[in-house]
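Protein chains in written order, with the working numbering: chain A, 53 to 310; chain B, 53 to 310. Every residue gets a Cβ at the ideal spot worked out from N, C-alpha and C, and that includes glycine. Fair warning: this is a prediction, and the values are worked out from it, not measured in the lab. Inspection log for the structure reproduced underneath, given as structure tokens.
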């Protein structure tokens, strides 16, 4: 089977024009079929402030009322996604922007209200790869933002890490899938305060031990859960590192395995 | 050759939730390959006001500075386009949203500055149909908003009527193309003040005569120029009418021919 790379780039890189430009130029040189998934960064919060829409975060997660969903859709699927697509085109990478509604690629259910009502937030239920593989077969690169839909006309805000891992799982029936998370650090750190303490390899056993010892930063835990879930569902390889890891592996980064 | 319908829906319908919902439901029932092109409506102007970005229109055309381009990208490619795609999915029409940057489908040049500097406005230079036909072959319907790009990373604001006619011309090499403009009237009017004065058929000769007699409303003239340009470049048929014309032709509408 051919190998596909699903590459997620985090919000801190999206927020930095120079870093994003460099990343997109490197992404364009990645050979073979590939998919980009991007986070949202701070632009949505800025627009909400400009529009006097209250920003409500609980444990780092955005409560998404109807106005906030509009803002997210405008910023993620509009401004960020389309500028990334235009930049990739200028780098001769033929890209098409996606939400999960496009091509009915990612179907979610609105998160049930328990203690907290997250509003228009979607938990992924199903991935349909038909549109994606048709484009990949024509050397076209899908670029996903962090929005899905419920098949009943409702867009839903969805975690970008989860979108990347669910796409990777869905595509693992057709490809060897390699899932790469790019963020501002060089990999998963053994000691949160020491950027040089990158863990090279981490299997499930090591992960569970380190988790019990509270090794990981709060934001890293759900990312790692996503990664091991992806590995257990057929994804071949998961890598976490800084953006240069997509074109150059003569450096530190973390490889996860079961 | 198979027939494809390129259907443009105007801003007045976009601005009216009930009318849009009805239109999208009808659009979903149109058989065979089809493409939707949508205008922007008044939402971009509203957002500009919310964000204190000055709105500058000359002869009904928006002067597009960098802030305005951001707003247009957010509203057209984000909020409007993605909600249309989600609605079409709920009607079992498998749609994918496009700007001209996506799939490198519509390449424009920034309009040269003469008397007026229109800013980031693009005049269409080239249409690439590869991504579109790959999707159409998989029963997927492209949905275009009125944004193109210059292949150098710059998005450009582009007239939606022009996008529809240029797509129709580009696709006329692969399909019999039928171009349908839907707006709030029943067709081209012989007398601007009489909604019942719909012209049934109009060839180039009649058009030129009526133009000299100042028959047409200001907004209608560039639309008609687009239409005759499309016909002269290989488009089989151009129809102008209200939205129901896409599924029901037992009513008044205007057919244009050379």
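At a cut-off of 8 Å between beta-carbon atoms, residue 69 of chain B makes no contact with chain A. Of all residues in the segment 219-240 of chain B, none places a beta-carbon less than 9 Å from a beta-carbon of chain A. For residue 169 of chain B, there is no enclosing beta strand (DSSP E), as DSSP gives it neither H nor E. Taking the Cα positions, residue 248 of chain B is about 8 Å away from residue 238 of chain B. For residue 66 of chain B, the enclosing alpha helix (DSSP H) starts and ends at 63-66. Membership of residue 194 of chain A in the beta strand (DSSP E) is indicated by the continuous run 193-196. With fewer than 16 other beta carbons inside 10 angstroms of its own, residue 70 of chain B counts as exposed.
At the C-beta level, residue 86 of chain B and residue 67 of chain B stay beyond 8 Å of one another.
Residue 287 of chain A places its beta carbon less than 8 Å from that of residue 231 of chain A. In its chain, beyond the 5 residues on either side, 230, 231, 232, 233, 297, 305, 306, 307 and 308 have a beta carbon closer than 8 Å to the beta carbon of residue 291 of chain B.
Under the 8 Å criterion on CB atoms, residue 175 of chain A is classed as non-interfacial with respect to chain B.
At least one beta carbon of chain B lies nearer than 8 Å to the beta carbon of residue 141 of chain A. Taken through DSSP and simplified to helix, strand or coil, residue 92 of chain A comes out as coil. Against chain B, the CB of residue 192 of chain A has a partner CB under 8 Å away; the residue lies at that interface. Annotated three-state conformation of residue 120 of chain A is helix, per DSSP.
Annotation for residue 123 of chain A: 96, 99, 100, 103 and 105 place their beta carbon closer than 8 Å to its own, counting only its chain and skipping 5 residues before and after.
Within a 10 Å sphere around the beta-carbon of residue 159 of chain B sit 16 or more other beta-carbons, which makes this residue buried. Straight-line spacing of the CA atoms in residue 283 of chain A and residue 267 of chain A works out to 21 Å.
Residue 125 of chain A has a beta carbon lying within less than 8 Å of a beta carbon in chain B.
In the same chain as residue 172 of chain A, and ignoring 5 residues on each side of it, the C-beta atoms closer than 8 Å to its own belong to 116, 117, 118, 120, 121, 162, 206, 207, 208 and 209, in chain order. Of all residues in the segment 72-83 of chain A, none comes within less than 8 Å of chain B when Cβ atoms are compared. Within the segment 203-214 of chain A, 203, 204, 205, 206 and 207 place their CB atoms closer than 8 Å to a CB of chain B, listed in sequence order. In the displayed model, residue 135 of chain A falls within a helix according to three-state DSSP.
What residue 102 of chain A touches in chain B, judged by beta-carbon distance under 7 Å, is 103, going in chain order.
Taking all protein chains in view, the Cβ of residue 269 of chain A is surrounded by fewer than 16 other Cβ atoms within 10 Å, so the residue is classified as exposed. For the 8 Å CB-CB criterion, residue 143 of chain B and residue 183 of chain A do not form a contact. Annotation: the continuous beta strand (DSSP E) that includes residue 148 of chain B extends over 147-150. For residue 168 of chain A and residue 113 of chain A, the gap between their C-alpha atoms comes out near 11 Å. Its Cα nearest to that of residue 259 of chain B, the residue B/240 stands out among B/271, B/245 and B/240. Contact with chain A is found for residue 201 of chain B, since one of that chain's Cβ atoms lies less than 8 Å from the residue's Cβ.
Residue pairing from DSSP places residue 209 of chain A in a beta bridge opposite A/173 and A/199. Just so you know, the alpha carbons of residue 281 of chain B and residue 216 of chain B end up roughly 12 Å apart. Using a Cβ-Cβ cut-off of 8 Å, residue 155 of chain A counts as an interface residue toward chain B, since at least one Cβ of chain B sits closer than that to its own. Looking at the DSSP output, residue 258 of chain A sits in no beta bridge, so it has no partner there.
Contact annotation: residue 91 of chain A and residue 198 of chain A have beta-carbon atoms nearer than 8 Å. DSSP places residue 60 of chain B within a strand segment (E or B) once states are collapsed to three.
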